[in-house]
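Protein chains: 2
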Amino acid sequence: MSPAHARDPRGSDSVRSQHIAGILRDEILAGDLKPGTWLRQDELAARLGASRIPVREALRILESEGLTESFPNRGARVPVLSIEDVNTYYRMRERLEPLTLTESLSHLSDDHLARLERIQDEIENQSDVNRFLLLDRDFHMTTYSGCPSAPLLAMTERLWNSTQHYRRAFMVLKDPDRAMIVNAEHRLILDAVRRRDPEDCERYLAGHIRRTRVELTAHPELFVADEGASGSLRLPERTSGLR
Amino acid sequence: MSPAHARDPRGSDSVRSQHIAGILRDEILAGDLKPGTWLRQDELAARLGASRIPVREALRILESEGLTESFPNRGARVPVLSIEDVNTYYRMRERLEPLTLTESLSHLSDDHLARLERIQDEIENQSDVNRFLLLDRDFHMTTYSGCPSAPLLAMTERLWNSTQHYRRAFMVLKDPDRAMIVNAEHRLILDAVRRRDPEDCERYLAGHIRRTRVELTAHPELFVADEGASGSLRLPERTSGLR
DNA sequence: TGCCACAAGATTGGATCCAATAACAAGACC
DNA sequence: GGTCTTGTTATTGGATCCAATCTTGTGGCA
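As given, the protein sequences belong to chains A and B, one line each in that order. Quick note: the first sequence uses numbering that gives the first Met the number 0, first residue 0, plus one each step. Quick note: the second sequence uses numbering that gives the first Met the number 0, first residue 0, plus one each step.
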């Protein structure tokens with residue numbers, strides 16, 4: 000995965016705000032910017048050598064991807080999720096991603112399958128946490144890559160992005176059996192994909208996500224009460240009523 | 000539903016960009032701004048009496064809600080959805096909204112139930128298309144209003160917003176049986192909600208959405224090939240690979 | 001001591017001006 | 001005649017400055 004700020008200058012990154020969004024996206028997903036971190040426009044502008052305008056735009060772009068949240072007159076930060084939030088995100092994933100996968104299924108080429116095989120092989124032959132996170136994401140996204148619906152793909156990616164930090168926090172808790180279980184699940188999914196069997200795809204993918212959710216939410220210590228990062232501040236009350 | 004631009008000036012609309020976003024949101028959902036319409040920053044700034052900066056921000060806000068889409072150096076427009084897009088949005092709804100409803104179920108008060116009863120009564124005693132669209136949305140959103148998860152609620156609302164225009168276009172095709180069917184479905188959902196029965200809630204809600212999808216996508220004439228509105232322009236190729 | 005008013009600093013929001021890019025049209029060259 | 005090039009115009013993107021808002025610290029007062 001090439002870092003966004005190293006792409007072809009004539010790509011969509013020729014627009015400064017998208018370039019900045021790419022850098023911040025990488026930093027958030029890599030864990031350099033943790034939940035609760037406030038993203039000051041001044042600071043970012045200085046650090047990235049631009050004015051605050053493209054930084055503002057970038058923060059909006061990231062907000063639309065679920066990677067930041069912003070409060071009027073108060074700024075933007077990396078969202079802090081409660082254990083309930085993460086639980087719900089995973090429940091959403093359990094329902095949505097099987098759809099993404101079945102929509103993708105008939106469009107996957109043999110090249111895709113070969114690539115999946117390679118990725119899974121590598122997953123089984125390494126043990127670095129960050130490497131696993133990258134490969135795992137790559138594995139699933141490759142199974143989804145045939146999905147012809149851009150909105151469905153975007154939503155899927157958004158759900159992954161939003162929970163990335165907690166997935167990482169969970170992974171550092173070593174568990175001797177986990178690798179074996181994950182690999183078994185991946186192999187079953189890969190086999191169902193190879194057979195183009197939508198029912199088994201849904202079954203094993205939903206199971207994979209569900210089991211991860213159950214394990215993840217069994218560790219409440221991964222979720223700080225709320226902002227311990229910087230600035231104690233009353234969060235705006237939740238807009239409950241949908242207007 | 001009070002129009003956004005008439006809210007308390009000390010509300011979140013005290014920020015100009017959100018005020019503008021509110022106005023445009025209403026205009027898009029009301030059908031005044033149709034799919035394919037380009038949203039020129041200059042024009043909007045002049046019409047709404049502001050500079051282009053808050054307009055830009057507003058367009059980003061709307062983009063994060065799925066109500067507009069923007070292309071670098073080319074501007075923003077109301078998205079034009081193909082019949083496949085709408086089909087997929089509805090499939091997403093079939094999976095997600097039953098979850099929203101079951102999450103909401105245990106938090107719904109008797110007041111909510113009384114309100115649902117009133118809304119459904121009114122739905123059955125009127126025949127105006129726009130009034131129906133408002134009431135129908137109100138009915139479903141009220142059933143969801145107990146959902147404690149803000150992201151899930153936001154995603155649900157987003158899916159509704161994105162397909163609003165096509166729902167309206169469908170409604171103007173008169174069908175003598177439709178009202179009866181919709182009312183029967185709503186009554187079953189309402190009953191299941193009253194009984195706090197998550198299984199029946201899921202069943203009847205999923206059926207309701209699915210039947211609507213099937214009927215809607217049986218009318219390909221509702222979906223123009225692509226932009227017939229203004230400006231023929233090559234759309235940027237879809238970013239297929241998810242990086 | 002506890003609490004409210006008020007002022008100073010920090011931070012975001014908005015307006016204006018300028019630069020960069022894209023769509024469009026006219027003309028040169030083959 | 002067709003295609004490539006080259007200005008022109010419309011439109012978006014970015015920089016700088018100023019205004020509005022929020023946070024925080026200080027002091028008065030009961």
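Glycine included, C-beta positions come from ideal geometry on N, C-alpha and C.
Residues are counted here when their Cβ sits less than 8 Å from a Cβ of chain B; for the stretch 15 to 29 of chain A these are Q17, given in chain order. At a cut-off of 8 Å, the C-beta of E56(A) has a neighbouring C-beta in chain B. Going by C-alpha positions, L28(B) is about 43 Å away from M170(A).
Nearest to R73(A) by alpha-carbon distance, out of R193(A), Y165(A), D41(A), E198(A), is D41(A). A183(A) has its alpha-carbon roughly 11 Å from the corresponding atom of D176(A). At least one C-beta of chain A is nearer than 8 Å to the C-beta of M91(B). Here the alpha carbon of E123(A) sits roughly 37 Å from the alpha carbon of L38(A). Scanning the stretch 23 to 47 of chain B for uninterrupted alpha helix (DSSP H) segments of 4 residues or longer gives 40 to 47, listed from N- to C-terminal end.
Contacts with chain A at 8 Å (Cβ-Cβ) do not include R51(B). With a cutoff of 8 Å on beta-carbon distance, C200(B) and I208(B) are scored as not near each other.
Rounded to whole angstroms, the separation of the alpha carbons of G48(B) and L80(A) is 38 Å. A direct Cα-to-Cα measurement between N86(B) and A168(A) gives close to 37 Å.
Contact annotation for T67(A) against chain B: no contact, minimum CB-CB distance about 10 Å [criterion: below 9 Å].
Using beta-carbon distances, L112(B) does not count as an interface residue toward chain A, since no partner is under 8 Å. When secondary structure is reduced to three states using DSSP, R73(A) falls in the coil class, being assigned neither helix nor strand. As the crow flies, the alpha-carbon of G206(A) is around 22 Å from that of A153(A). For R212(B), not one C-beta of chain A is nearer than 8 Å to its own C-beta. Non-local beta-carbon contacts of P197(B) in its own chain, meaning distances under 7 Å to residues more than five positions away in sequence, involve T101, L104 in chain order.
The beta-carbon distance between L158(B) and M91(B), rounded to whole angstroms, is 6 Å. This is short enough to meet the 8 Å contact definition. The alpha-carbon of L32(A) is positioned some 7 Å away from that of V77(A). In the assembly as shown, M140(A) is a buried residue. Its beta-carbon has 16 or more other beta-carbons within 10 Å. One finds R59, E62, S63 in chain B with Cβ atoms closer than 8 Å to the Cβ of S63(A), taken in chain order. Here E56(A) is buried: its Cβ has 16 or more other Cβ atoms, across all protein chains shown, within 10 Å. Going by C-alpha positions, V223(A) is about 18 Å away from E68(A). DSSP places T216(A) in no alpha helix (DSSP H); its state is neither H nor E. A straight-line Cα-Cα distance of about 38 Å links D120(B) and T155(A). Linking A20(A) to G35(B) through their CA atoms gives a straight-line distance of about 26 Å. Listed in chain order, the alpha helix (DSSP H) runs fully inside the stretch 63 to 109 of chain B are 82 to 104, counting runs of at least 4 residues. The continuous alpha helix (DSSP H) containing V128(A) extends over residues 128 to 143.
Among the residues facing chain B, T87(A) is included, as its CB has a counterpart in that chain under 8 Å away. Per the coordinates, the alpha-carbon of K173(B) lies some 11 Å from the alpha-carbon of D127(B). Here P53(B) has R15, S16, I19 as same chain residues with Cβ atoms under 6 Å from its own Cβ, once five neighbours each way along the sequence are excluded. Assigned with DSSP and collapsed to three states, S148(A) falls in coil, not helix or strand. In terms of Cβ geometry, L115(A) and T142(A) form a close pair [threshold 8 Å].
Contact between E64(A) and N160(A) is confirmed by a C-beta separation of about 6 Å, below the 8 Å threshold. Within the stretch 136 to 157 of chain A, the residues whose Cβ lies closer than 8 Å to some Cβ of chain B are M140, Y143, S144, P147, S148, A149, P150, L151, L152, M154, E156, listed in chain order.
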